[in-house]
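Following: one structure in structure tokens, then a few remarks.
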Amino acid sequence: VRDTMGARIDHENKRVILPELKMSDAELAMYDRIYIVACGTSMHAGLVGKDVIEKWTRVPVEVAVASEFRYRDPIYTDKTLMIVISQSGETADTLAALREAKKSNVKVMAITNVVGSSVAREADEVIFTWAGPEVAVASTKAYTSQVVALYLFSLYLAQVKGTLEAAEVASVVEHLETIPGKIASMLEDAEQVRHFAESTKGVNSLFFIGRSLDYAVSLEGSLKLKEISYIHSEAYPAGELKHGTLALIEDNVPVVALATQPDIYEKMVSNIVEVKARGAHVLGFATEGDQDLAKSVDEVIYLPATLPMLAPILTVIPLQLLAYYASISRGLDVDKPRNLAKSVTV
Ligand code: F1P
264 VRDTMGARID HENKRVILPE LKMSDAELAM YDRIYIVACG TSMHAGLVGK DVIEKWTRVP
324 VEVAVASEFR YRDPIYTDKT LMIVISQSGE TADTLAALRE AKKSNVKVMA ITNVVGSSVA
384 READEVIFTW AGPEVAVAST KAYTSQVVAL YLFSLYLAQV KGTLEAAEVA SVVEHLETIP
444 GKIASMLEDA EQVRHFAEST KGVNSLFFIG RSLDYAVSLE GSLKLKEISY IHSEAYPAGE
504 LKHGTLALIE DNVPVVALAT QPDIYEKMVS NIVEVKARGA HVLGFATEGD QDLAKSVDEV
564 IYLPATLPML APILTVIPLQ LLAYYASISR GLDVDKPRNL AKSVTV
């Protein structure tokens, strides 16, 4: 939650500002449909953004993979806003989707880290994430900063549309202000994740399950694991398992089960019971103070308490660490994953 980001907190007034926004608030408030288009990790950040924008602003959002979207015939109206997300600002498919939209006169807002990148130059509006140079190939802090940018954008949009009360915005802002300290403490206390990651050494497949925001963030956990530790993994919406995939859950298959969302907590626990019944070894993610999850899983990681809507910013940290330690324990170079370029420009 950086004070340099293109969307930032006005700490004094407990609201959000977008100091570099060129369009008027009235124009922003007019958009009634949003496409979020991106690739890989950036697309996963967009999935979190979708739930947040819809919840706080009631504007319908579709998230699309840029490599598919660029060949579609999207239904644009003059009230459609496109948000493209790209750490590098040079990803070929994302850039192509942006250019296609521009041909149809669609207003494009970019969320990117790189000033002067093609995406930053060609979009109408830019929110820079200022996440610093990406040293490693796999995106980690880029994801976190993109997600934060999307939270701040959603709050700003809710302010201008009046879909959240000032007190509600202030409450979210106050919670956002405590996030950096929580992340710091999670990074200091990574022993349990390391232990679980090491226990997956002989394993060749792993599942991540969750619902709603937990599902969105589990997709990123799964991608990170594939990218840097080369373990096959699948992120699955927990409620969808019973439609076939449960057949793959057998003795000792590791399952990472995310249960940070109170409104669907009970449903999530019943999904965990289903995979446990088939012999899975379950690592649960619960919120600090949760007394129950430990009874249904083999191990639990407790995440610092925050607003459930903000949980993805914290949940992704142990997921990234899991991929990191799984990679290290296999003797791999986490910073130079095979078959992955920092920006995919072809
Ligand atoms: C998109 C992306 C990254 C991934 C890798 C390849 O990049 O899929 O998420 O970690 O670097 O490209 P970008 O458009 O966000 O720069």
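Numbering (full-length UniProt numbering), first residue to last: 264 to 609.
Just so you know, even glycine gets a beta-carbon here, dropped at the ideal spot from N, CA and C.
If you draw a straight line from the C-alpha of residue i to the C-alpha of residue j, how long is it?
{"i": "S448", "j": "L566", "result": "10 Å"}
{"i": "A453", "j": "W319", "result": "33 Å"}
{"i": "L573", "j": "E363", "result": "33 Å"}
{"i": "R321", "j": "Q422", "result": "12 Å"}
{"i": "A589", "j": "I442", "result": "26 Å"}
{"i": "G552", "j": "L358", "result": "44 Å"}
{"i": "A501", "j": "A557", "result": "18 Å"}
{"i": "A540", "j": "Y334", "result": "43 Å"}
{"i": "S559", "j": "H458", "result": "20 Å"}
{"i": "D561", "j": "H307", "result": "28 Å"}
{"i": "E437", "j": "V410", "result": "17 Å"}
{"i": "V536", "j": "Y406", "result": "31 Å"}
{"i": "G379", "j": "A510", "result": "49 Å"}
{"i": "I580", "j": "A522", "result": "15 Å"}
{"i": "E290", "j": "Y419", "result": "13 Å"}
{"i": "L413", "j": "T375", "result": "11 Å"}
{"i": "residue 685", "j": "G309", "result": "No information on residue 685 is available, as it lies outside the stretch 264 to 609 that the chain covers here."}
{"i": "S468", "j": "I512", "result": "10 Å"}
{"i": "T569", "j": "E331", "result": "35 Å"}
{"i": "G594", "j": "V607", "result": "26 Å"}
{"i": "L476", "j": "S287", "result": "31 Å"}
{"i": "H506", "j": "A498", "result": "14 Å"}
{"i": "E283", "j": "F471", "result": "38 Å"}
{"i": "M268", "j": "T343", "result": "24 Å"}
{"i": "R265", "j": "G395", "result": "11 Å"}
{"i": "G465", "j": "L439", "result": "39 Å"}
{"i": "P575", "j": "S481", "result": "9 Å"}
{"i": "P571", "j": "M293", "result": "28 Å"}
Flag this pair as yes or no: are the beta carbons of residue i and residue j separated by less than 8 Å?
{"i": "L585", "j": "E483", "result": "no"}
{"i": "V538", "j": "V545", "result": "yes"}
{"i": "V311", "j": "A430", "result": "no"}
{"i": "I316", "j": "I297", "result": "yes"}
{"i": "A270", "j": "L415", "result": "yes"}
{"i": "L486", "j": "T304", "result": "yes"}
{"i": "R474", "j": "Q554", "result": "no"}
{"i": "A386", "j": "A373", "result": "yes"}
{"i": "K299", "j": "K313", "result": "At residue 299 the sequence reads Ile, which differs from the Lys that was named. Cβ atoms of I299 and K313: closer than 8 Å."}
{"i": "D598", "j": "V435", "result": "no"}
{"i": "A382", "j": "G425", "result": "At residue 382 the sequence reads Val, which differs from the Ala that was named. No, the pair does not count as a contact, with Cβ atoms beyond the cut-off."}
{"i": "S592", "j": "E503", "result": "no"}
Taking the alpha helix (DSSP H) that residue i belongs to, which residues open and close that run?
{"i": "L585", "result": "574-592"}
{"i": "A447", "result": "429-451"}
{"i": "G547", "result": "Not the alpha helix (DSSP H): G547 falls in the beta strand (DSSP E), residues 544-550."}
{"i": "N535", "result": "Rather than Asn, the amino acid found at residue 535 in this sequence is Ile. Residues 528-540."}
{"i": "G484", "result": "476-492"}
{"i": "L556", "result": "556-559"}
With residue i as the anchor, note down where its beta strand (DSSP E) starts and where it stops.
{"i": "L566", "result": "562-566"}
{"i": "E497", "result": "495-500"}
{"i": "V456", "result": "Element bounds for V456: not the beta strand (DSSP E) but the alpha helix (DSSP H), 454-462."}
{"i": "A520", "result": "517-521"}
{"i": "G473", "result": "468-473"}
{"i": "D273", "result": "271-273"}
{"i": "residue 634", "result": "Given a span of 264 to 609 for the chain in the structure shown, any question on residue 634 remains unanswerable."}
{"i": "R601", "result": "Per DSSP, R601 belongs to no beta strand (DSSP E) and is neither H nor E."}
{"i": "R278", "result": "278-280"}
Would you please verify whether the beta carbon of residue i is less than 8 Å from any beta carbon of chain B?
{"i": "T550", "result": "The question asks about chain B, but that chain is absent: this structure has only one protein chain."}
Exercise. Run through the UniProt domain "SIS" (287-426) for me and flag every whole alpha helix (DSSP H) of 4 or more residues, listed as ranges in chain order.
Key: If you keep only unbroken alpha helix (DSSP H) runs of at least 4 residues inside the UniProt domain "SIS" (287-426), you get 288-293, 303-320, 329-332, 355-366, 381-385, 404-424.
Checklist line | the stretch 596-608 / the stretch 489-501 touching (three or more Cβ pairs under 8 Å) | finding: Three or more beta-carbon pairs separated by less than 8 Å link the stretch 596-608 to the stretch 489-501, which places the two stretches in contact.
>> Any contact between the stretch 388-405 and the stretch 436-455? By contact I mean 3 or more CB pairs, one from each, below 8 Å.
In response: Contact between the stretch 388-405 and the stretch 436-455 is absent, with fewer than three C-beta pairs closer than 8 Å.
Note to self: Any contact between the stretch 324-338 and the stretch 278-295? By contact I mean 3 or more CB pairs, one from each, below 8 Å.
What the structure shows: The answer is no - the stretch 278-295 does not touch the stretch 324-338, with fewer than three Cβ pairs under 8 Å.
State whether the stretch 543-557 contacts the stretch 508-525, with contact taken as three or more CB pairs (one from each stretch) at a distance under 8 Å. Yes, the stretch 543-557 is in contact with the stretch 508-525.
Notebook entry, point to check: Between the stretch 336-347 and the stretch 361-375, are three or more C-beta pairs nearer than 8 Å?
Noted result: Yes, the stretch 336-347 touches the stretch 361-375.
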